Amino acid sequence: HYLPEIILMDEVKSTKSATGAMSFEFMNGETHELIDLLPYRTINKLEKYFYRFDQAARENVKIIVTDMNYTYPKLVQTVFPNAMVVMDKFHIINALNRAFNKTRIKVMKKCTSSSREFHALKRYWKLLLVPTEQLNFEQFKKWTNFPYWMAATDVVHQLLSLDSELEQTYQVLNSVRSAVQHQDWHNYNAAFWNNKTYSEEMKNTIKTLESHHDEIRNTFTTHYSNGPLEGSNNKIKAIKRASFAYRSFWRFRTRVLYVFKIKTKRALITK
C-alpha cells in the first residue's frame, strides 16, 4: 500500500457513535487529498491501523505535520522510522493567543464590572490579538468606552497600560508570533529569555512549547502546514450540518469519502 512523503494529521468531531470524542484524519501534504477518516485517535489503535501498510510504504513518509497532541510524535517514533514531526504554525500561534486571552480576562476581573476599563478590555479583545505591525496608526475615530478620538494603536496602548503583566505578555505574544511567521529561530528563542515577567498563563504555554522543542524547530525549516486539512475540517462540519448529523460513524465516513471523491476500497479500516 502507498503512503505519501508528506502527511498532515489532525482531529475533527464526527459522530456520537465514534470511539472517541474526536476522530482522526490525515491528508497528503502535497496534493491535499484526504486519505482517510478514523473513529479514534488513541496511539494503540492508530499504530494498528498504520501497521496495515507495509514497511516500505511507512519508510517512504518523510514529514508529518501535526498539532501539539502528544500522541502523534510517539506514533511517528514507532511507525514512521524515517519521518520527522513538524508542529503546525497555526496551533503554536493559537496556543499563544489563548494564553494572552486568559491573562486579559484575569486583568479584566480585577476591575469592577461597571468600570470603563472592564468593558474596554472585554469589548476589544480581538483588537489586542491583531499583530502589532497590522494595527492602524493613521485613522482616528471614536471608540466606545474612550472619551476622545483615537487610532487603533492608541486603544491598544491604553488597554496595555492598565497592567504591566498584561503589557509584557503582549510583547512576548507578538515577538514569538512574528518569529514563527518569519521562520526566525533565533528570535523565537530570544523572545522567551529576554522577558521573564510575563503572566503565569503564558509561562505554562511556554513550557508546553518547550516540551515540543524538536517538532517546533522543524517548523522553521519547512513550509508545510495543516492549513489544507483545516479547510477540509470546515467541509466535513458542513456535511454534518447539511445532514442534521449522522448516527452512524460509518455512514458519515462513507459520505465524507464520497464528497472528497475517495474510493472507499482504498481505506484499510473495517468495522
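Here the sequence shown stands for residues 840 to 1110, where the numbers follow this note's numbering.
For glycine and all other residues, C-beta sits at the position ideal for the given N, C-alpha and C.
Since we're looking at a predicted model, the values are computed, not measured.
Cutoff 7 Å; reference residue i; Cβ partners in own chain excluding five residues on either side
i	result
Leu935	Leu1012, Val1015, Arg1016 and Thr1044
Trp1120	Missing from the structure shown is residue 1120; the chain here goes from 840 to 1110 and no further.
Ile1055	Met926, Ile931 and Leu1048
Phe1022	Reading off the sequence, residue 1022 comes out as Gln, not Phe. Closer than 7 Å at the Cβ level, and outside the excluded window around Gln1022, lie Phe1059.
Asn984	Arg955, His958, Ala959 and Arg962
Leu966	Ala991, Val994 and Val995
Terminal residues of the beta strand (DSSP E) in which residue i lies
i	result
Met861	No beta strand (DSSP E) holds Met861; DSSP gives it neither H nor E.
Leu847	Ile845 to Val851
Leu876	Leu873 to Leu877
Thr910	No beta strand (DSSP E) holds Thr910; the alpha helix (DSSP H) holding it covers Thr910 to Val918.
Val969	Looking at the DSSP string, Val969 is not in any beta strand (DSSP E), and its letter there is neither H nor E.
Thr905	Ile902 to Thr905
Buried versus exposed call for residue i [16 or more other C-beta atoms within 10 Å across all chains shown]
i	result
Ser1071	buried
Phe979	exposed
Pro920	exposed
His930	buried
Pro970	exposed
Leu1068	buried
Asp893	exposed
Tyr909	exposed
Ser1038	buried
His1051	buried
Ser862	buried
Glu972	exposed
Glu1040	buried
Tyr911	buried
Val1095	buried
Cα-Cα separation, residue i to residue j
i	j	result
Phe939	Lys887	39 Å
Val851	Glu864	7 Å
Glu844	Lys884	22 Å
Lys913	Ala991	44 Å
Asn1028	Gln1007	16 Å
Leu847	Ala1081	26 Å
Phe1059	Arg897	24 Å
Asp1053	Lys1042	19 Å
Val918	Ala1030	35 Å
Ile1078	Phe889	26 Å
Asn867	Val900	10 Å
Ile874	Lys981	51 Å
His840	Ala895	9 Å
Ala922	Lys1046	25 Å
Thr1061	Gln1020	12 Å
Gln997	Leu842	53 Å
Lys1100	Pro986	57 Å
Thr881	Phe1091	20 Å
Trp1032	Ser1003	18 Å
Ser953	Arg937	25 Å
Trp988	Leu968	21 Å
Val924	Val915	7 Å
8 Å Cβ shell around residue i - same chain, five flanking residues per side excluded
i	result
Thr951	Phe957
Thr1109	Confidence is the limiting factor: at Thr1109 the pLDDT is only 48, short of 50, which leaves the residue's position unreliable, though a coordinate-based value still follows. If we look at Thr1109 and ignore the five residues flanking it on each side, it has no Cβ neighbours.
Trp1024	Ala1018, Arg1056 and Phe1059
Thr1036	Ser1003, Glu1004 and Gln1007
Lys949	Asp1002
Thr870	Pro843
Asn933	none
Residues near residue i by beta carbon distance below 6 Å, same chain, minus five either side
i	result
Asp927	Val904, Asp906, Ser1064 and Asn1065
Tyr1009	Leu999
Tyr1097	none
Asn1026	Ala1018
Phe976	Ala990 and Thr992
beta-carbon residue i near the ligand HEM non-hydrogen atom, thresh 6 Å
i	result
Leu1096	With respect to the ligand HEM, the structure shown offers nothing to examine, as it has no ligands at all.
Where the alpha helix (DSSP H) through residue i begins and ends
i	result
Thr942	Lys928 to Lys949
Val1019	Ser1003 to Gln1020
Val994	Ala991 to Leu999
Val1098	Phe1088 to Val1098
Thr1058	His1052 to Thr1058
Glu898	Gln894 to Glu898
His1025	Trp1024 to Trp1032
Whole-number beta carbon distance between residue j and residue i, since they are thought to touch under 8 Å
i	j	result
Val946	Leu974	The pair is not a contact, with the Cβ atoms about 20 Å apart (cut-off 8 Å).
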